[in-house]
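*Asks:*
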């Protein structure tokens, strides 16, 4: 480049420059010097390029030095397998692959480049996305990887992987491989299992067995992905310049779900699509019980955008959805005939409730262990001598007490202990935000319904609750069979929703039946909230809480999983006596019911009866 | 006089100053452009190069036979060069980086270099220059663009890999049962660019100049190692020209036909029948004592060239023979067990 530019300069060099008369002219000296200097620089490209290369090299070394401390090697405690990982929080939460921790069980050893080995415990699993969250124990000041943004990557950007290929890191020093971003937004079909790499990053940085779970960094040393897969085939299981990393942007959407100890499912629209002869992506099939159906999407509709990403191929459709955990809500733009519609659609799980755990238990999505990791078309070594399982099982050392106390098994969870921790933290914060508990009391609200005449009177207590709109009164008596009365009509069950809300304000999760911390998902307004899911008496309430202040920002009341819930958003919190009460409630059910309730007066009465 | 002279001198100074200032501005601008291009030029260059490489889909799809490969645009009017393979046997579709799909016509192929030329109906296609004349020396940083593993579909761009040139060599023909087709000059790269589906991809320098075409997968029968190579641009350019001129002569054959041409019957050759189109020119049987037998042709030989002109198909061989007077000697280049063998044939004893 320098050469070409240089040769372009030389022929046009004006002979006037070298005229002594001109050189004597004072004012001209500065541009002349500038020109000479410019030519000097341009004419000695070797020195210049060498210095540039040295500079680039020393920068690269400094950056890798910065990135290395947060990378870990994961080892199964029986020494039978392992992989790589990367620490993302100072208290030791780290990311790796599902297929790395799967053979390890719930307890593993992690080494860091500082030469130390830490006990680690399984936290959460995303088996479909091949992601696992683990927690390293013993420090509150772990080195943390700086997080980047995979969306800003461009094909051809430099990137590098740090990990433990072939489990070489016996001295705990990881290996670094350097490469370019080969492709973006790649979709890799499930390979004989349910593992699906959607919207992933493709790199030619060497990704070998053992690199799985390790970090992919961008050229500035920021974490942009978790390496987990390679295209092998024909040549045995070594790098052929085609590795795939799960984008950190996808993992970020799952992060709190995983930190909550759950086994997280991926999202589906509840519809399948095909691309037609005109290159449009149209709905081929849609489940009538899906939210997409309830929002009006039908067979033959053309999908234009999902979460503001344009959809022009089936792969793009799968990529756009594959990055979300089940339960997320995304705007979907679709076209029928000439009109374009936009809906805010709740994504269902790819698997029915309990199905994913069943599959995990039966080993149906058990990936090949790291040493035998396979890919589509990969020749697997099936003729290995199979010894009886018991003969092969090396003994695992007993789990130390410090680890044991962080383990709680429960169906549907990778490690329920972390879910309970989250529930407690959130409820403590929420209780502080509520102030004095209204338990055993009665709440009376008089609300103006915006745009409508009769006001709404709400009366809530643990036993009996009621709503009166003008002459019309609805009573909710917990002694009866109240869950079928979804009053007022069309609201999806505002009365039972408020009844359960008041119960939660008084006694918290303990009074709400089976409670689970769900993770962070957007609410009806698109705000990201912590969510507690409570299953009680055959219905479900989801409480939405501010992620920092832990105050209640909304709830959803589900009388049935196949019907639109009653959504209530709480706003304008003011103190009533010493209890915080929202003074603006937005009630939403489906696309047709929406009421704004402005609280005119709120009273908390000591007697629960009225 | 003196006054006038100094005025002219002043005017001259002014012009020189103006000129120098302009040069300086240009210098600074160029320098800044240079620095910028060094800092983040690669992704930009790649974004400009990716549209020149297309995905090719065709026959295959059976066990271990991928039904896809890569092709490189060589003209704005939809000419693509790719590797000659079974993928091109039927229903060839070229899919551009933006997802546009085109039925492709196979214009012809060069059997020795195993390069084929495709044509789609398009204008304004971004393309490479095959004759950029960039010199390739060991150590040159390169990029490889290909649809390895068929990773890219629809509107996805092909994959990019980086590496350096390890050597420029002549690959000797391999012998033995696992011998692969390619022999000839090759650019050897340190990156693993030879992967399923990568054949027909582009090797470029870091400025995006075309250096070579990624060839078909080629392994050493002795070591089992895979050769990561590209067919140099000059050879590709030459092959494309030969294919095009081969076509040209095909359409001009009418008048020059000898009255008594060479025929298969006279030669004593039976070709593998035309079961599929196009059928490669395999020799099925050689009649004992015939001119073909005397020349040393054998069954299972594949005819690559007739008098140095590529003969891609059975039909093409027949056309070429029809152009040769039966009194004249001619040369058939055949491929036998991985070797290229020129064989002189004469109908006269």
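Residue numbers (the numbering used here), protein chains in the order written: chain L, 1 to 610; chain G, 611 to 959.
The C-beta atom is built at its ideal place from N, Cα and C for all residues, glycine as well.
Thinking C-beta only, is residue 71/L closer than 8 Å to residue 83/L?
*Replies:* Indexing the first chain from 1 puts residue 83/L at position 83. Indexing the first chain from 1 puts residue 71/L at position 71. For residue 83/L and residue 71/L, no; Cβs fall outside 8 Å.
*Asks:* If you draw a straight line from the alpha carbon of residue 428/L to that of residue 140/L, how long is it in whole angstroms?
*Replies:* Working through the first chain from its first residue, we reach residue 428/L at position 428. Working through the first chain from its first residue, we reach residue 140/L at position 140. Roughly 22 Å between the two C-alpha positions.
*Asks:* When you compare only the Cα positions, how much space is there between residue 951/G and residue 681/G?
*Replies:* Here residue 951/G refers to the residue found at position 341 of the second chain. Here residue 681/G refers to the residue found at position 71 of the second chain. Using only the alpha carbons, I get a separation of about 29 Å.
*Asks:* Could you spell out the range, first to last residue, of the alpha helix (DSSP H) harbouring residue 427/L?
*Replies:* Here residue 427/L refers to the residue found at position 427 when the first chain is read from its first residue. Its alpha helix (DSSP H) spans residues 416 to 434.
*Asks:* Could you pull out every residue in the same chain whose Cβ sits closer than 6 Å to the Cβ of residue 550/L, ignoring the five residues on either side in sequence?
*Replies:* Within the first chain, residue 550/L is the residue found at index 550, counting from 1. Taken in chain order, the residues that qualify are 426, 429, 430 and 433.
*Asks:* Does residue 180/L have its Cβ less than 8 Å from a Cβ in chain G?
*Replies:* Along the first chain, one-based indexing puts residue 180/L at 180. So yes, residue 180/L belongs to the interface.
*Asks:* Does the distance from the C-beta atom of residue 258/L to that of residue 149/L stay below 8 Å?
*Replies:* What you label residue 258/L is simply residue 258 of the first chain in a count that begins at 1. What you label residue 149/L is simply residue 149 of the first chain in a count that begins at 1. No, the Cβ-Cβ distance between residue 258/L and residue 149/L is not below 8 Å.
*Asks:* List the residues of chain G that residue 273/L touches, going by C-beta distances under 7 Å, in chain order.
*Replies:* Locating residue 273/L in the first chain gives position 273, where the first residue counts as 1. Those do not exist, as residue 273/L stays about 13 Å from chain G at its closest Cβ, beyond 7 Å.
*Asks:* Would you call residue 135/L buried or exposed, if buried means 16 or more other Cβ atoms sit within 10 Å of its Cβ?
*Replies:* Translated into positions along the first chain, residue 135/L becomes position 135. Buried, because 16 or more other Cβ atoms sit within 10 Å of the Cβ of residue 135/L.
*Asks:* Would you mind telling me which residues of chain L sit closer than 9 Å to residue 833/G, beta carbon to beta carbon, in chain order?
*Replies:* Here the question's residue 833/G lines up with position 223 in the second chain. In chain order: nothing, as chain L lies at least about 12 Å away.
*Asks:* Which residues in the same chain have their Cβ closer than 6 Å to the Cβ of residue 601/L, if we skip the five residues on either side of it in sequence?
*Replies:* Sequence index remark: in the first chain, residue 601/L carries index 601 (1-based). Correct list, in chain order: 446.
*Asks:* Answer with buried or exposed for residue 122/L, where buried requires no fewer than 16 other C-beta atoms within 10 angstroms of its C-beta.
*Replies:* Within the first chain, numbered from 1, the residue matching residue 122/L stands at position 122. So residue 122/L counts as buried.
*Asks:* In three-state DSSP terms, what is residue 939/G?
*Replies:* Reading the second chain from its first residue, position 329 is the one you call residue 939/G. The answer is coil: DSSP assigns residue 939/G none of H, G, I, E or B.
*Asks:* Keeping to the same chain, check which residues put their C-beta closer than 6 Å to that of residue 911/G; ignore five residues upstream and five downstream.
*Replies:* On the second chain, residue 911/G is found 301 positions in, with the first residue counted as 1. The answer, listed in chain order, is 893, 944 and 946.
*Asks:* Would residue 565/L pass as a contact of residue 441/L if the rule is Cβ separation under 8 Å?
*Replies:* As a first step, residue 565/L must be located in the first chain, where it is residue number 565. As a first step, residue 441/L must be located in the first chain, where it is residue number 441. Taking 8 Å as the Cβ cut-off, residue 565/L and residue 441/L do not qualify as a contacting pair.
*Asks:* Note down the Cα distance separating residue 101/L from residue 158/L, rounded to an integer number of angstroms.
*Replies:* Working through the first chain from its first residue, we reach residue 101/L at position 101. Working through the first chain from its first residue, we reach residue 158/L at position 158. Their backbone Cα atoms lie some 29 Å apart in a straight line.
*Asks:* Report the rounded CA-to-CA distance for residue 172/L versus residue 398/L, giving the unit in angstroms.
*Replies:* One-based indexing of the first chain puts residue 172/L at position 172. One-based indexing of the first chain puts residue 398/L at position 398. Near 23 Å, if we compare the C-alpha coordinates of residue 398/L and residue 172/L.
*Asks:* Return the CA-CA distance between residue 909/G and residue 881/G, expressed in angstroms with no decimal places.
*Replies:* Residue mapping note: residue 909/G aligns to position 299 of the second chain, counting from 1. Residue mapping note: residue 881/G aligns to position 271 of the second chain, counting from 1. Going by the C-alpha atoms only, they are around 9 Å apart.
*Asks:* Quick one, which residues of the region 730 to 762 of chain G are near chain L if we go by CB-CB under 9 Å, in chain order?
*Replies:* The residues in question are 753, 754, 758, 759, 761 and 762.
*Asks:* If you reduce the DSSP assignment to three classes, tell me which class residue 175/L lands in.
*Replies:* As a working mapping, residue 175/L is identified with position 175 in the first chain. Strand.
*Asks:* Does the distance from the C-beta atom of residue 761/G to that of residue 300/L stay below 8 Å?
*Replies:* Here residue 761/G corresponds to residue number 151 of the second chain, with the count starting at 1. Here residue 300/L corresponds to residue number 300 of the first chain, with the count starting at 1. No, they are not a contact pair.
*Asks:* Taking only beta-carbon atoms, is residue 766/G less than 8 Å away from chain L?
*Replies:* Counting from 1 along the second chain, the entry for residue 766/G is found at position 156. It does; some Cβ of chain L falls within 8 Å.
*Asks:* For residue 105/L, count neighbouring C-beta atoms within 10 Å of its own C-beta (all shown protein chains included) and say buried if the count is 16 or more, exposed if not.
*Replies:* One-based indexing of the first chain puts residue 105/L at position 105. Classification of residue 105/L: exposed, given that the 10 Å Cβ count is below 16.
*Asks:* Counting only Cβ-Cβ distances shorter than 7 Å, please list the residues of the region 194 to 222 of chain L near chain G, keeping chain order.
*Replies:* Those residues of the region 194 to 222 of chain L that come within reach of chain G (Cβ to Cβ, closer than 7 Å) are 202 and 204.
*Asks:* Within this structure, are the beta carbons of residue 824/G and residue 807/G separated by less than 8 Å?
*Replies:* Here residue 824/G is taken as the residue at index 214 of the second chain, counted from 1. Here residue 807/G is taken as the residue at index 197 of the second chain, counted from 1. Result no, Cβ atoms of residue 824/G and residue 807/G do not sit closer than 8 Å.
*Asks:* Any beta carbon of chain G sitting closer than 8 Å to that of residue 312/L?
*Replies:* In the first chain, counting from the first residue as 1, residue 312/L sits at position 312. So, interface residue.
*Asks:* Specify, as a first and last residue, the run of the beta strand (DSSP E) that residue 917/G falls within.
*Replies:* Looking up residue 917/G in the second chain gives position 307. First-last for residue 917/G: undefined, no H or E at that position.
*Asks:* By how many angstroms is the C-alpha of residue 62/L removed from the C-alpha of residue 220/L?
*Replies:* Taking the first chain and counting its residues from 1, one reaches residue 220/L at position 220. Taking the first chain and counting its residues from 1, one reaches residue 62/L at position 62. Answer to the nearest angstrom: the Cα atoms are 10 Å apart.
*Asks:* Examine chain L for any beta-carbon lying closer than 8 Å to the beta-carbon of residue 656/G, and answer yes or no.
*Replies:* Taking the first residue of the second chain as position 1, residue 656/G is located at position 46. True, the Cβ-Cβ gap to chain L drops below 8 Å.
*Asks:* Report all residues from its chain with a CB closer than 7 Å to the CB of residue 611/L; omit the five preceding and five following residues, and keep chain order.
*Replies:* Outside the modelled stretch of chain L, which goes from 1 to 610, sits residue 611/L, for which no answer is possible.
*Asks:* In or out: residue 456/L buried (at least 16 other Cβ within 10 Å) or exposed?
*Replies:* Working through the first chain from its first residue, we reach residue 456/L at position 456. Buried, since its Cβ has 16 or more Cβ neighbours within 10 Å.
*Asks:* Starting from the C-beta of residue 718/G, find all residues in its chain whose C-beta is less than 8 Å away, skip the five residues before and the five after it, and write them out in chain order.
*Replies:* Residue numbering aside, residue 718/G sits at position 108 when the second chain is read from its first letter. The residues are 726, 727, 853, 854, 856, 857, 920 and 922.
*Asks:* Spell out whether any CB of chain L is found under 8 Å from the CB atom of residue 772/G.
*Replies:* Mapped onto the second chain, residue 772/G falls at position 162. So yes, residue 772/G belongs to the interface.
*Asks:* Do you know how far the Cα of residue 679/G is from the Cα of residue 757/G?
*Replies:* Translated into the one-based positions of the second chain, residue 757/G becomes position 147. Translated into the one-based positions of the second chain, residue 679/G becomes position 69. So the alpha carbons of these two residues sit roughly 6 Å apart.
*Asks:* From residue 959/G to residue 940/G, what distance separates their C-alpha atoms?
*Replies:* Along the second chain, read from residue 1 onward, the residue named residue 959/G stands at position 349. Along the second chain, read from residue 1 onward, the residue named residue 940/G stands at position 330. For residue 959/G and residue 940/G, the distance between alpha carbons rounds to 14 Å.
*Asks:* I need the straight-line Cα distance from residue 51/L to residue 774/G, nearest angstrom please.
*Replies:* Mapped onto the first chain, residue 51/L falls at position 51. Mapped onto the second chain, residue 774/G falls at position 164. Spanning the two alpha carbons is a distance of roughly 20 Å.
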